[in-house]
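To start, the structure itself, in structure tokens.
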Amino acid sequence: MSEGQDIKLKDSYRTNITLTFIFFSLFIIITIVSIVMFYWTKLSTENFHNRVLFESKNIISEFNQKKEIAQNSAEGIKNGSFIKSFNTNEKFLDVIFKTFLFSNKDFLKISYINNKDEFFCEKYNSKIFCNHKRFFPTKDELVLSVINKIDENSSIKIDTSLKYFFQSIPTDIFKLLVLDEKGQVLYSNFVKAKSIYDIFTHNLSDKILKNNQQFVTNDIYVINLNRYKLVFIQNKKLLMKQKEIARNLAISMFIIALILSIVFGYFFSKPLYHFYDELDKRVKEEIEKNREKEQMLMHQSKLAALGEMLGNIAHQWRHPITRLSLLIQNFEMAYKMKKLDDKFIDKFKTKAFEQINYMSNTIDDFTSFFKKDKQTQDFFVREVIEDALKLLEGRLKSIEIIKEYENKIAVNGYKTEFSQVILNILNNAIDALNEREIKDKKIWIRIKDNCIEIEDNAGGISEDIKEKIFEPYFTTKFQSQGTGIGLYMSKIIITKHFNSKLEVENSEFGAVFKIILNKK
5 MSEGQDIKLK DSYRTNITLT FIFFSLFIII TIVSIVMFYW TKLSTENFHN RVLFESKNII
65 SEFNQKKEIA QNSAEGIKNG SFIKSFNTNE KFLDVIFKTF LFSNKDFLKI SYINNKDEFF
125 CEKYNSKIFC NHKRFFPTKD ELVLSVINKI DENSSIKIDT SLKYFFQSIP TDIFKLLVLD
185 EKGQVLYSNF VKAKSIYDIF THNLSDKILK NNQQFVTNDI YVINLNRYKL VFIQNKKLLM
245 KQKEIARNLA ISMFIIALIL SIVFGYFFSK PLYHFYDELD KRVKEEIEKN REKEQMLMHQ
305 SKLAALGEML GNIAHQWRHP ITRLSLLIQN FEMAYKMKKL DDKFIDKFKT KAFEQINYMS
365 NTIDDFTSFF KKDKQTQDFF VREVIEDALK LLEGRLKSIE IIKEYENKIA VNGYKTEFSQ
425 VILNILNNAI DALNEREIKD KKIWIRIKDN CIEIEDNAGG ISEDIKEKIF EPYFTTKFQS
485 QGTGIGLYMS KIIITKHFNS KLEVENSEFG AVFKIILNKK
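If you use this note's numbering, the sequence shown corresponds to residues 5 to 524, in order.
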């Protein structure tokens, strides 16, 4: 990575840390604000419920008090001795009724009723009129009527107005509707409507009319009061005002949180950035150390491979050198016996050049096999295996090679590196067979699907060391015969350079090395 790219990466990381801290702070603040808003709304609803239950109890209590006052007043009039003199002393009854009407502002009308006649006194525009017939019809529909019988033919009736009673109910947290049994609106302190069906949906209106002393919805409570139905509705204006206050508060908190999160995000991200910078330096140092170590091991592996190559060349040259030696001896004997002629010399030259060409071709094969690849290429695994077997021909003379090729596998990568892996595995198999002096030596080479298997019949690998054979510098051979880096480098090449797997297991015959290629 270039220095410019490294600086760009650090700047990007610093920005990411700062933004992450800002977004995290905003998330916390938004969460807190949302929770506050939720509980604010919940508390408003609970406050409405508690308040309306409390007020409804007070309303029922006050209503009962008004009813009791009217009943006591009617009882007092009934028990008065002046009632008996009604037909002879009407003026006296007029005074008594007016006295009761003046004494109680809620009393609207007091009537004496019998089978023959009705005498009443009634309030109208702050004045009281008395008569035998009602020529000032009452317009107030909110009336509580109390009737107290004097005898079978007569009774006292007191009408109490409920208008001021309903107007006195506090409306800061809820609005009030008073309905009759059919849903007609008799009183409302927030809307003008004739019927409840003009205010709510048909289903909700029916629900309100059918229920008593319960919450129809979270914001509507109904109770029955005598022949009236009282509907308490949560004050939406107050609720909206509370929500507006809460929303403004939330916006203010959000803006403050945004500013603070940016400021704190910038300052608090510095330690994280310095930590990252230090960690990045350490990681790079370790990567560089591992790279140097890997290069050193690769170099050692190449040296080991070179030594094995020289050993294989020695195996390959042993027979042609022996033949050349015999040809030279024959040439010397022919010279001493004076049998040298053109025909003998031509035959000598032909046989000698055959051996020399064989040795030259062997060097060319090894050179091309171990030639470093400059770029990746597509190659067939089968060809690499055949080339490796050709190079190991001298070591494989006493070993039976059993090939089981089911298909051709094409691989993309560095061919030389893959060849080195095949050579390492084959050389390990050959060494194991020779060290353990196996009589009927065999090596199976299988290609099936995306897997290459190389198996020997040397008895396998001890379970104690099977997990260690891919570790660097681990070897079961004598120190002069093995470096312990061949299988380690093979593992590195297969896993890192070919993105595949190199595994080992034991079969009934011996060790089985598996190269499992990654399917693209």
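All C-beta atoms in this analysis are idealised placements derived from N, C-alpha and C, irrespective of residue type, glycine included. Predicted, not measured: the structure shown is a model, and the values here were computed from it.
Check	Outcome
Could I get the ranges of all uninterrupted beta strand (DSSP E) runs contained in the region 399 to 456, with 3 residues as the minimum, in chain order?	404 to 409, 414 to 417, 446 to 452
State buried or exposed for V425, treating a residue as buried only when at least 16 other CB atoms are found within 10 Å of its CB.	buried
On a CA-only basis, which of N119, I227, N152 is nearest I73? Give me that one, please.	N152
Taking K161 as the reference, give the member of L234, L229, I81, L181 with the closest Cα.	I81
For the beta strand (DSSP E) containing N118, name the first residue and the last one.	111 to 118
If I'm right that F96 touches F104 with Cβ under 8 Å, what's the distance once you round it to whole angstroms?	The pair is not a contact, with the Cβ atoms about 13 Å apart (cut-off 8 Å).
If I measure Cβ to Cβ from K109 and keep anything under 8 Å in the same chain, skipping five residues before and after, which residues do I get?	Y168
So what's D155 in DSSP terms, helix, strand or just coil?	coil
With a Cβ-Cβ cutoff of 7 Å, do S192 and Y201 count as a contact?	no
Are the Cβ atoms of L163 and V182 separated by less than 7 Å?	The amino acid at residue 163 is misidentified as Leu; the sequence shows Asp. In this structure, V182 does not lie closer than 7 Å to D163 by Cβ.
Look up S149 in the DSSP assignment and give the residues it is bridged to.	D163
Using the beta-carbon count (16 or more within 10 Å), is Q483 buried or exposed?	With a pLDDT of only 44 at Q483, under 50, the local geometry of the prediction cannot be trusted, and the value read off the model is given with reservation. Q483 comes out exposed.
Going by alpha carbons, who is nearest to A392 out of R286, T205, K340, E421?	E421
In terms of DSSP beta bridges, what is T354 paired with?	Answer is none; T354 lacks a bridge partner.
Run through the DSSP bridge pairs and tell me what K342 is partnered with.	None, per the DSSP bridge assignment.
Compare the C-alpha of N411 against each of V385, A515, E390, L396 and name the closest.	V385
What do you get for L213, buried or exposed, if any count of 16 or more other CB atoms within 10 angstroms of its CB means buried?	buried
For I177 and F204, I'd like the C-alpha separation in whole angstroms.	20 Å
Return yes when the Cβ of I498 is within less than 7 Å of the Cβ of L491, no when it is not.	no
Can at least three beta-carbon pairs, one atom from the region 354 to 363 and one from the region 387 to 402, be found at a separation below 8 Å?	no
For I406, I'd like the list of residues in its chain whose CB is within less than 8 Å of its CB, leaving aside the five on either flank, ordered along the chain.	K446, I447, W448, I449
From which residue to which residue does the beta strand (DSSP E) around D382 run?	381 to 384
What are the partner residues of K500, as DSSP defines its beta bridges?	The partner list for K500 (beta bridge, DSSP) is empty, contrary to what the question assumes.
Hey, would you say I442 sits closer than 7 Å to F517, going by beta carbons?	no
Which whole-angstrom value is the C-beta distance of A414 and A436, which I expect to be below 8 Å?	Actually they do not touch by this definition, with Cβ atoms about 30 Å apart.
For the beta strand (DSSP E) containing I212, list its first residue and its last residue.	Careful: I212 lies outside any beta strand (DSSP E), inside the alpha helix (DSSP H) at 206 to 214.
Could you tell me the alpha carbon to alpha carbon distance between Y418 and L330, rounded to whole angstroms?	42 Å
Looking at the structure shown, is E507 part of a helix, part of a strand, or coil, going by DSSP?	strand
Taking the CB atoms as reference points, tell me whether I519 and I434 lie closer together than 7 Å.	no
Hey, how far is the Cα of K113 from the Cα of E126?	4 Å
In the DSSP assignment, the beta strand (DSSP E) including K131 goes from what residue to what residue?	131 to 135
Beta carbon of N222: closer than 6 Å to some heavy atom of the ligand ADP?	This structure lacks the ligand ADP, and indeed carries no ligand of any kind.
For L427, count neighbouring Cβ atoms within 10 angstroms of its own Cβ and tell me buried if that reaches 16, exposed if not.	buried
Kindly identify the DSSP beta-bridge partner or partners of I227.	L234
What's the C-alpha gap between T92 and E66?	Reliability of the predicted coordinates at T92 is poor, the pLDDT of 40 falling under 50, and the value obtained from them is presented with this limitation in mind. The alpha-carbon atoms of T92 and E66 are separated by roughly 39 Å.
Ordered along the chain, which non-local residues of its own chain (more than five positions away) have a Cβ less than 6 Å from that of L521?	N454, S504
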